[in-house]
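A.B. asks:
2 protein chains.
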Amino acid sequence: MELLEQRIKEDGEVLPGNILKVNNFLNHQVDTNLLDKMGEEFVRLYGNVEVTKILTIEASGIAIAYPVARQLNVPLVFAKKHQSLNVNDDVYVTKVWSFTHKAFYNVVVAKKFLSKDDKVLIVDDFLANGNALNGLIDLVEQAGAKVQGVCIAIEKGFQDGGKLIREKGYRVESLAIVDKMTDDGQIYFRKNS
Amino acid sequence: MELLEQRIKEDGEVLPGNILKVNNFLNHQVDTNLLDKMGEEFVRLYGNVEVTKILTIEASGIAIAYPVARQLNVPLVFAKKHQSLNVNDDVYVTKVWSFTHKAFYNVVVAKKFLSKDDKVLIVDDFLANGNALNGLIDLVEQAGAKVQGVCIAIEKGFQDGGKLIREKGYRVESLAIVDKMTDDGQIYFRKNS
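Going down the list, the protein sequences come from chains B and R. Numbered per the working numbering, the first sequence finishes at 1269, counting up by one with no gaps. Numbered per the working numbering, the second sequence finishes at 1269, counting up by one with no gaps.
1. Could you compute how far the alpha carbon of L1215 (chain R) sits from the alpha carbon of D1260 (chain R)?
2. State the beta-bridge partners of N1182 (chain R) as determined by DSSP.
3. By the 10 Å Cβ neighbour count, where 16 or more other Cβ atoms means buried, how is L1091 (chain R) classified, buried or exposed?
4. Quick one: residues in its chain with C-beta nearer than 8 Å to the C-beta of V1291 (chain B), no 5 flanking neighbours on either side, listed in chain order?
5. Distance, Cα to Cα, H1177 (chain B) vs A1252 (chain B)?
6. I'd like the ranges of any alpha helix (DSSP H) spanning at least 4 consecutive residues and lying wholly in the stretch 1079-1122 of chain R.
7. Mind pulling the chain B residues with CB within less than 7 Å of D1107 (chain R)?
8. Check whether chain R comes within 8 Å of Q1135 (chain B), counting only Cβ atoms and requiring the distance to be less than that.
9. Using DSSP with H/G/I as helix, E/B as strand and the rest coil, what is K1188 (chain R)?
10. Consult DSSP for E1134 (chain B) and reduce its assignment to one of helix, strand or coil.
11. Could you please give the first and the last residue of the uninterrupted alpha helix (DSSP H) stretch that includes G1238 (chain B)?
12. Quick one: is N1182 (chain B) near chain R, going by C-beta distance under 8 Å?
13. Over what stretch of residues does the alpha helix (DSSP H) that includes G1211 (chain B) continue unbroken?
14. May I ask you to list the residues that DSSP assigns as paired with I1253 (chain B)?
15. Could you name the residues of chain B that R1247 (chain R) contacts, counting a contact when the two beta carbons are closer than 8 Å?
16. Which same chain residues end up closer than 7 Å to Q1235 (chain B) when comparing Cβ atoms and leaving out the 5 residues on each side of it in sequence?
17. Taking L1240 (chain R) and Y1122 (chain R) to be in contact with their CB atoms under 8 Å, please state how far apart those CB atoms are, rounded to whole angstroms.
18. Anything in chain B within Cβ reach of R1146 (chain R), meaning under 7 Å, just list it in chain order.
19. What residue range is occupied by the uninterrupted beta strand (DSSP E) comprising Y1264 (chain B)?
20. N1099 (chain B) touches chain R at which residues, Cβ-Cβ below 7 Å?
21. Determine whether the Cβ of H1158 (chain B) lies closer than 8 Å to any Cβ atom of chain R.
22. If we cut at 8 Å on Cβ distances, does I1198 (chain B) have a partner in chain R?
23. So with CB distances below 8 Å, who are the chain R contacts of F1118 (chain B)?
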């Protein structure tokens, strides 16, 4: 998506360790104009697909999931991150490894918000190694619901999460795929991403 | 706001300890139709007030802040919760006591997203003792910016956060003020809230 790639080039910060910060329109400050347009693009891409629920993960996932849920007129569910292992029977739980915090954390969704009849579109801001996304897919499948597809704002194409998840047969649509970042701040996008 | 009060009566769960759970439209599952209408009501209430930025706090604050920011066409900034005390010079930081976790945590906003010229509308889902809200007000004032007002979805009128903050001179608009909850699940709203 040209508009998003342009914005990443203008406002993205490349930090050591292949970190891409997009704090001023997606992860800390949010440009709802841009996110509304990104939502429209996801809705266009999944135009013919039946969707009963949007699933994302707190916190920044909520911002990009909101316009998708609004435009599709379906409920938005955000999975919660829990550090404690105290979870009860009312939730589906999956473990996700955090590279940032070098620890596992629990990601949970209340069972009442995902049923076997749900057709779920998963939405998230970033896809890199795929840990969080695999966790969300696991939650949907624990519920016996169907993953209709995945909507990602920015995919790091040089990490293998997207490749592995597509190879398992899931549809993943990323609005911008970064294939390479250089230490001097250059960002290269995959063509037609 | 009649529509919100009705929804709280239908879907809110009263738990021991004066806890009100509204997980199925605000705090875990989100009804964007309802939140869009709540956003419209905030915009109506602050119709003549100049606003350059919306400030909220992750995670569920993001959902209710989104439609306000979109309708006012201003950036949405969400403050982040940090458990560690390692913060750097690039952020404003304030300490907030969490009753849920019985601990202080840091709430931070990058300095570049709040400037002395900003006219800020603070938006959050709940107001009870006012700890989180006082933290957000503190962040705005550290930046030298102006708090134009506060938008709250649900205020617990039987706790004194709202009263104390209004007494300091801040304008606080709550779409539903709960004055009393009973153990058998009855919820009483303040008239004309």
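Beta carbons: idealized from backbone N, C-alpha and C, even for Gly.
C.D. replies: The answer reads as follows:
1. Sequence index remark: in the second sequence, residue 1215 (chain R) carries index 139 (1-based). Sequence index remark: in the second sequence, residue 1260 (chain R) carries index 184 (1-based). Roughly 39 Å between the two C-alpha positions.
2. The count along the second sequence starts at 1 and reaches residue 1182 (chain R) at position 106. For N1182 (chain R), which the question treats as bridged, DSSP gives the partners R:H1158 and R:K1171.
3. For the purposes of this step, residue 1091 (chain R) is taken as the residue at position 15 of the second sequence. When all chains shown are included, L1091 (chain R) counts as exposed.
4. Residue 1291 (chain B) falls outside the range modelled here, since chain B spans only 1077 to 1269, and no answer is possible.
5. In the first sequence, counting from the first residue as 1, residue 1177 (chain B) sits at position 101. In the first sequence, counting from the first residue as 1, residue 1252 (chain B) sits at position 176. Per the coordinates, the alpha-carbon of H1177 (chain B) lies some 26 Å from the alpha-carbon of A1252 (chain B).
6. Every alpha helix (DSSP H) of 4 residues or more that sits fully in the stretch 1079-1122 of chain R is shown, in chain order, as 1108-1121.
7. Counted from its first residue, the second sequence places residue 1107 (chain R) at position 31. Those are P1151, listed as they occur along chain B.
8. Position 59 of the first sequence holds residue 1135 (chain B). Per the sequence presented here, residue 1135 (chain B) reads as Ala, with Gln not at that position. Flagged as an interface residue toward chain R: A1135 (chain B), by a C-beta distance shorter than 8 Å.
9. The residue you call residue 1188 (chain R) lines up with position 112 of the second sequence. Three-state result, K1188 (chain R): helix.
10. Counting from one through the first sequence, the residue named residue 1134 (chain B) turns up at place 58. Annotated three-state conformation of E1134 (chain B) is coil, per DSSP.
11. Along the first sequence, read from residue 1 onward, the residue named residue 1238 (chain B) stands at position 162. Secondary structure note for G1238 (chain B): its alpha helix (DSSP H) is the uninterrupted segment G1237 to E1243.
12. Locating residue 1182 (chain B) in the first sequence gives position 106, where the first residue counts as 1. Cβ-Cβ to chain R under 8 Å: no for N1182 (chain B).
13. The sequence position of residue 1211 (chain B) within the first sequence is 135, counting from 1. DSSP places G1211 (chain B) inside the alpha helix (DSSP H), whose first and last residues are N1207 to Q1218.
14. Start at 1 with the first residue of the first sequence, and residue 1253 (chain B) comes out as number 177. B:E1231.
15. Stepping through the second sequence from its first residue, residue 1247 (chain R) is reached at position 171. Neighbours of R1247 (chain R) on chain B: none; closest Cβ ~23 Å, over 8 Å.
16. Here residue 1235 (chain B) corresponds to residue number 159 of the first sequence, with the count starting at 1. Excluding sequence neighbours, Q1235 (chain B) sits near A1204 and N1205.
17. Along the second sequence, one-based indexing puts residue 1240 (chain R) at 164. Along the second sequence, one-based indexing puts residue 1122 (chain R) at 46. Rounded to the nearest angstrom, the Cβ distance from L1240 (chain R) to Y1122 (chain R) is 21 Å, too far for a contact under 8 Å.
18. The residue labelled residue 1146 (chain R) in the question sits at position 70 within the second sequence. Simply T1108 and D1112.
19. For the purposes of this step, residue 1264 (chain B) is identified with residue 188 of the first sequence, where counting begins at 1. In the DSSP annotation of this structure, the continuous segment of the beta strand (DSSP E) that includes Y1264 (chain B) starts and ends at I1263 to F1265.
20. As a working note, residue 1099 (chain B) is residue 23 in the first sequence. Ordered by position in chain R, the residues that pass the 7 Å Cβ test against N1099 (chain B) are A1186.
21. As a position in the first sequence, residue 1158 (chain B) is number 82, starting the count at 1. So no, H1158 (chain B) is outside the interface.
22. Here residue 1198 (chain B) refers to the residue found at position 122 of the first sequence. Not one chain R Cβ lies under 8 Å of I1198 (chain B).
23. Translated into positions along the first sequence, residue 1118 (chain B) becomes position 42. Listed along chain R, no residue sits closer than 8 Å to F1118 (chain B) by beta-carbon distance, the nearest being about 14 Å off.
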